[in-house]
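Participant: Everything in the sequence shown is counted per the working numbering, starting at 19 for the first residue and increasing by one.
There's a structure below that I have some questions on.
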Amino acid sequence: MNSAEDRLRYEINYCGNCDVCRNLLDHSCLVFPEIFKLYDKKKERGEEISTGELRRLVGLCNFCALCPCLNIREALLKAKTEYRERYGAGFKTRVIEDVDRIGRLGGTLPQLSNLLLQNKVTRDWIDRTAGLHRAREFPEIPKEDFSKWIKRRKENRGPAAEPKRKVAYFAGCTAKFFFPEVAKSFVEVFEMNGVEVYYPKQKCCGMPAFLEGGIKLTMKFVEYNLSSLMEAVAAGYDIVCSCPTCGYFLKSILKAGAYHSPEYTDTLAVSDGGYVKLPRDGPILSSVHDGTSLVWVEFLRTYLKDDGYFSSLSARERITVAENTYDAGEYLLRLYSEEEFDTRLGPLSARAAYYPPCHLREQKIGKPYYHLLGLIPGLSLEGIDEIYCCGNGGIMGFKKYFYPLSIRISGRLITKLKMIDPQLIATDCLSCRIQFNQLTTYKTLHPLEVFKESYGNYQAQTKPHKA
Ligand code: SF4
Ligand code: SF4
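Written out as structure tokens, the structure is:
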């Protein structure tokens with residue numbers, strides 16, 4: 019079973035026989051209705067599923083990770099990568115997958131970039147050149163991106179007192195270039211909690227290029243980040259992400275298969291029965307903080323291989339980065355459980371809905387912000403189930419062919435939000451925020467921005483009045 023076609027036909031047959039997702043995912047995922055359509059066609063009419071149909075199928079996955087079995091999304095992604103190597107990528111794909119470059123270019127002359135995006139003639143040209151949908155609203159490009167802000171801030175501040183904890187902040191492209199107020203809130207909220215924040219050299223986590231099947235660009239980003247983040251870990255920093263997609267990528271996707279590499283297994287102590295203790299890890303795309311299992315070393319060496327997407331990179335480095343990466347909410351909740359979270363929070367009188375994004379769910383850490391936001395006085399909070407997807411899928415929701423599909427996927431979640439009718443939506447995913455900004459009138463904030471406001475309200479309340 020070597021070709022993309024073989025693997026996909028196998029998975030379609032497997033899902034068709036299983037049938038569990040026939041109705042389960044038909045609102046939130048465009049892939050499964052198509053899988054069952056292809057399966058039924060083959061079964062009922064004996065017609066072979068064509069390469070064209072399979073190429074269309076892989077283009078429908080926005081990697082929301084709602085599907086219960088890992089094999090299907092792994093097969094879709096591997097096929098997408100193989101098709102790209104086989105048929106090449108168009109200019110439009112190469113433009114849109116490099117969010118790091120888009121952000122840097124847009125931020126060079128932000129006022130001009132905003133004018134070009136607002137003007138109908140130039141926006142039409144941009145849409146045609148990059149394959150974007152004209153109805154997708156762009157976030158406004160800020161005057162100053164996060165990298166410039168943090169550099170300026172560092173220059174204006176003296177050396178800090180020796181902190182108890184120190185984190186290396188992985189900001190992600192969307193916060194860095196388009197929503198710097200989220201990244202600034204990260205720095206301020208963590209510092210409020212006595213944590214030193216270091217901003218290491220970094221590029222895009224690689225997820226957009228990974229989803230476009232662009233292995234070369236993905237590798238370029240990953241190699242750069244691995245080297246920089248390894249240095250940070252060696253210097254005693256925990257890596258912390260405010261973006262759930264970056265977190266999912268660094269914690270989970272990057273190290274998939276790494277525990278099966280001899281570079282790692284040769285360092286493990288083997289027990290009397292010939293067993294080694296391994297972190298529980300699927301063949302690809304599973305979670306890091308999820309316990310361990312005992313594996314028979316002979317089985318491990320014979321059958322399990324580090325043959326995943328990133329197996330050409332050091333397994334030890336991938337594991338080190340993954341095991342030292344935390345989601346910001348996860349980190350703050352840990353501070354809270356160790357009684358180190360600053361609970362001097364001021365009132366915020368609002369009815370809020372908290373939406374936990376798909377890639378947070380995949381980190382298998384629960385909903386840390388849901389618990390933490392509950393500490394803010396006056397904030398009434400309604401949590402939304404994790405089974406909904408906003409449909410945006412990062413850059414996919416900007417693409418001409420995927421934009422209407424992304425709106426269709428978001429339907430159930432938007433209806434749910436309208437039923438709650440909150441004054442504020444809190445969500446940690448900026449791709450979801452772009453979708454909510456476009457499809458609702460509710461103000462949407464990252465939970466870190468909500469905490470920053472609440473801390474500010476406390477300080478304002480307790481500030482001594484001048485006589
Ligand atoms: S993804 Fe898993 S549970 Fe769903 S239909 Fe396929 S095999 Fe069954
Ligand atoms: S990752 Fe999401 S879009 Fe892709 S197959 Fe799974 S459920 Fe469907």
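Note that CB positions come from ideal geometry on N, CA and C, so glycine has one too.
1. Is any heavy atom in ligand 2 found nearer than 6 Å to the beta carbon of R40?
2. Helix, strand or coil, according to DSSP, for D439 in the structure here?
3. Hey, would you say I394 sits closer than 7 Å to L363, going by beta carbons?
4. How is the alpha helix (DSSP H) around V207 delimited, first residue to last?
5. Among K98, Y476, K436, P422, which one has its Cα closest to the Cα of L48?
6. Buried or exposed: S304, going by 16 or more other Cβ atoms within 10 Å of its Cβ?
7. So, with DSSP's three-state summary, where would you put P51?
8. With DSSP run on the structure shown, which of helix, strand or coil describes E400?
9. Does the separation of the CB atoms of C447 and P262 fall below 7 Å?
10. Let me know the secondary structure DSSP gives E180 once reduced to three states.
11. Express the C-alpha separation of D325 and A189 in angstroms, rounding to a whole number.
12. What ranges does the alpha helix (DSSP H) occupy inside the stretch 95-123, keeping only unbroken runs of at least 4 residues that lie completely in it?
13. Assign M437 to buried or exposed, taking buried as 16 or more other Cβ atoms, counted over all protein chains shown, within 10 Å of its Cβ.
14. Tell me whether the beta-carbon of L42 lies closer than 7 Å to the beta-carbon of A93.
15. Quick check on H307: does DSSP put it in helix, strand or coil?
16. State yes or no: is the C-beta of Y255 within less than 7 Å of the C-beta of K194?
17. Quick one: what does DSSP say P325 is sitting in, helix, strand or coil?
18. Roughly how many angstroms separate the alpha carbons of S424 and D290, rounded to a whole number?
19. Helix, strand or coil for E214? Go by DSSP, reduced to three states.
20. Compute the distance between the beta-carbons of L244 and E335, then report whether it is under 7 Å.
Facilitator: Once the coordinates are examined:
1. no
2. Collapsing the DSSP output to three states places D439 in coil.
3. yes
4. 198-210
5. P422
6. Any reading at S304 needs caution, since the residue's pLDDT is 38, under 50, leaving its predicted position unreliable; the model's value is listed next. That one is buried.
7. helix
8. Of the three classes helix, strand and coil, the one that applies to E400 here is strand, per DSSP.
9. yes
10. coil
11. 29 Å
12. 109-114
13. Burial call: exposed.
14. no
15. Because the pLDDT at H307 is just 44, under 50, the model does not fix this residue reliably, and the value given afterwards should be weighed accordingly. Coil.
16. For Y255 and K194, no; Cβs fall outside 7 Å.
17. Strictly speaking, residue 325 in this sequence is Asp, with Pro absent from that position. Note: D325 maps to coil in three-state DSSP.
18. 53 Å
19. strand
20. yes
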